[in-house]
Amino acid sequence: MYKFNKIQLSLIGLLLSGTIAVAQSPTNKKFIDPANMDLTVKPGDDFYQYASGTWIKNNPVPPKETRWTSFNLLREFNSQAVRNIVEEAAKNKTAAAGSVTKRVGDFFAAGMDSIAIEKLGFNPIQADLDRIAKINNKSEIWNEVAYLRTEGIASALFGIGVGQDRKNVVNQVVNLSQGGTTLSDRDYYLKNDTESNRIRAAYTKYLEKLFQLIGHSKTTAQKKAISVFLIEKQLAEAQLSRLEMRDPYKTYNKLSIAELDKLSPGVSWKNLLSQYKIPNVDSVIVNSLPFFTKLSELINNTELEDWKSYLTWNILKSAAPHLSSPFVKANFAFTQAQTGQKVPTPRWQKMTALTDGTIGELLGQLYVAKHFKPEAKQRMDEMIENLRKAFEIRLKDLDWMSDETKVKALAKLHAFVPKVGYTTKWQNYEGLEINRNTYFQNIRNAAKWNYQENISKLGKPVDKTRFGMTPPTVNAYYSATMNEIVFPAGILQFPFFDPSADDAINYGGIGAVIGHEMSHGFDDSGSQYDKDGNLKNWWSDVDRAKFIEKTKQLGAQFDQYKVLDSIPVNGKLTMGENIGDLGGLNMAYTAFKMTKQGQSNEKIDGFTPDQRFFLAWAQIWRGNALPETAAQLIKTDTHSPGQYRTIGAPVNMDAWYEAFDVKPGDKLYKKPENRIKIW
Ligand SMILES: [Zn+2]
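So that you can map any letter, position 392 of the sequence shown is 394 in the working numbering, and since no number is skipped, the others follow by simple counting.
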């Protein structure tokens, strides 16, 4: 049980240098603006509506978007910032050959040349189509799948890559992963509800359309569509579900090459791995045994012609967004069916995203030179250490964990490595060829380059300077195997963070995000990794059982929440994120209470410090989503919808009840004994 007084007393000395409590912001900016709220609603009845009701009403999803949230607003802002950078780079006639500006400018300009792209039709994939047409025996299917991957053309059938060995993270090993399907969840192949049927119908139409666009008759295209769908359906059947994929032990299967050959009879994995340009490998880690068991059986039992259709489809679907407009339109119609998006993303915005997604660390160098503020990093570093202190205090104070396990938990907490802003060692994509008049080839070159760069890590030490997200990204992450928390430059903006805001705003915003990422190290999955990042149990059995019991209670709470009036949130699928939010907001609150403002009662713009803290949390989760998108996210997203992230943690925190005077009889009220406390 969390005791505020004790913390306050023992921590006076930690009152933080550098965190400035401002009674009134110098810019008079209202960081909590009542004009965004709905004051007609009682916070205890509907905190989401109370905190964000007017904002939600006034901010419908724009036609080119599928959701409109605080994240999207920042992404919009960042894509405009990136647009200015790439347009300027593209216009720069004096940039030296090989310079960052020249390469970024050329990549962007090539993608903006819609006339050249239009003229080419589907010429860029003609050679691939011809090659597949010539395949005349089944063993060539495997070779072709390897060729597609190593040449950066497509990732068909299954995934392959080099990454850390989860049980010995200093080693980098080959990972094989289930895949080979197109729809966003296996359920869409297997279930018969209205939504799955609707998505399948749209997918069939998309398949037929693309086959017709490369010259097949309607009848042939229909036949090919059925073949592809049936193969993908069988792959989906063999895949583990999303829930099963959350189990780090179930998805860790280290097999020797001989064992792998036995698992997938008829395939010589030694030869195949050579085709993938990774010879001399003696073992691999397989994330899904049933999937790889089924693979060779599926190859044997399916007609060669059907496999050729499947391979052709893999080329078509990865190329479609980058070919002439009939392909792009067909691709958008399929996106529209899945997400509800009304109009296509404008070309400039697609290209800024693609530049970031393809050569993000070249673009990132230009981005941080313009938009990164070193003082923001300094403030972040301080907040991260304050959150770490808060977590330590809370850990020591836990009433359900033994001292023995606490020692291990503390060691893990102290080993967390934070990264803020951007990498100290840029990736310069040496050898990657980018030309101003070869848009399609640029993308292929980049995919090929990425594959080679990835497999070159095999047997090498882990590079600890890498960032898994590019600088303009509005997001953050925790890596269990690196035991690191990472915050790219893009998220260090209001409403998450503003150096001129009062502490309540920054702790309720980015502070809770920092706490969220730290808590991932202790969620249902992350907690199974030790301080060095290895998948290795460090818990006593009794403590683990108590932890699991608590997480079940939290899951049951989230199972009660519904979107679109009828679809329940999946408490198990969202477990890690919900633990992250609950732990993160609690930690941020503890850290906030160590600041001057946290210990005062001085209102700003009509709200107490604690009210501002929880309202800051609420405003990072406000937003709207199209119904199609909301329905898809419930299946595929491990995060709960923003509406429930807003209330999910606060309803379990005594401080929230006190701040808003929430009483028995209020709709969100939970009795103190039903409020869940994990971290
Ligand atoms: Zn998370």
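Heads up, the beta-carbon is just placed ideally off N, CA and C, and yes, glycines get one too.
Here Val-84 carries a helix assignment [DSSP, helix/strand/coil]. Within the segment 630-680, not a single complete beta strand (DSSP E) segment reaches 3 residues in length.
In terms of Cβ geometry, Leu-537 and Lys-252 do not form a close pair [threshold 8 Å].
Not one heavy atom of ligand 1 lies closer than 7 Å to the C-beta of Glu-486.
Of all residues, those with a beta-carbon under 6 Å from at least one heavy atom of ligand 1 are His-518, His-522, Glu-579 and Gly-582, reported in chain order. Contact check for Arg-105 and Leu-364: beta-carbon distance about 6 Å, within the 8 Å limit, so the pair qualifies. Excluding the 5 residues flanking it on each side, Gly-535 has same chain C-beta neighbours closer than 7 Å at Val-171, Ala-482, Thr-483, Met-484 and Asn-485, in chain order. When rounded, the separation of the alpha-carbon atoms in Lys-121 and Gly-461 is 45 Å. Secondary structure within the segment 154-204: the alpha helix (DSSP H) runs of 4 or more consecutive residues, fully enclosed, are 189-192 (chain order).
Here Arg-349 is exposed: its Cβ has fewer than 16 other Cβ atoms, across all protein chains shown, within 10 Å.
Shown here, Ile-34 sits in coil according to DSSP, grouped into three states, outside any helix or strand. If only complete runs of 4 or more residues are kept, the segment 298-350 shows the alpha helix (DSSP H) at 306-321 and 327-341, in order along the chain.
The C-alpha of Glu-142 is placed about 45 Å away from the C-alpha of Tyr-369. Lys-548 and Trp-402 have their C-alpha atoms some 7 Å from each other. With fewer than 16 other Cβ atoms from the protein chains shown falling within 10 Å of its own Cβ, Val-345 counts as exposed.
Lys-672 is positioned such that its CB atom lies no closer than 8 Å to that of Gly-46.
Arg-69 has Ala-627 as its beta-bridge partners, per DSSP. Cα atoms of Ala-449 and Asn-94: separation of roughly 26 Å, rounded to the nearest angstrom. Measuring C-alpha to C-alpha distances from Ala-627 to each of Lys-352, Ile-649 and Lys-66 identifies Lys-66 as the nearest. Under the three-pair Cβ rule at 8 Å, the segment 558-572 does not count as touching the segment 201-219. Per the C-alpha coordinates, the member of Lys-637, Ala-99, Phe-615 and Ser-602 positioned closest to Met-589 is Phe-615.
About 6 Å separates the beta carbons of Asp-583 and Arg-647, which is inside the 8 Å limit, making them a contact pair. Distance from the CA atom of Leu-635 to the CA atom of Ala-558, rounded to whole angstroms, is 19 Å. The residue from Ile-507, Ala-661, Met-471 and Val-544 with its alpha-carbon nearest to that of Thr-407 is Val-544.
Separation of Val-102 and Phe-73 (C-alpha to C-alpha, rounded to the nearest whole angstrom) is 28 Å. Assignment of beta-bridge partners to Pro-570 by DSSP yields Lys-564. Among the bridge pairs identified by DSSP, Asn-255 is matched with Val-288. Between Ala-620 and Phe-49 the beta-carbon gap is near 7 Å, inside 8 Å, which marks them as a contact. Leu-297 sits close to Ser-266, with the two beta carbons spaced by under 8 Å. Between Gly-182 and Glu-239, the CB-CB gap reaches or exceeds 8 Å.
Residue environment analysis places Ala-98 among the exposed positions, since fewer than 16 neighbouring C-beta atoms fall within 10 angstroms of its C-beta.
Excluding five sequence positions before and after Thr-354, the CB atoms of its chain that fall closer than 7 Å to its own CB belong to Ser-81, Val-84, Arg-85 and Val-88, given in chain order.
Leaving aside the five residues that flank Leu-275 on each side, the residues in its chain whose CB is nearer than 6 Å to its CB run, in chain order, Val-283.
Here Glu-146 is buried: its Cβ has 16 or more other Cβ atoms, across all protein chains shown, within 10 Å. For Val-147, the enclosing alpha helix (DSSP H) stretches over residues 141-152.
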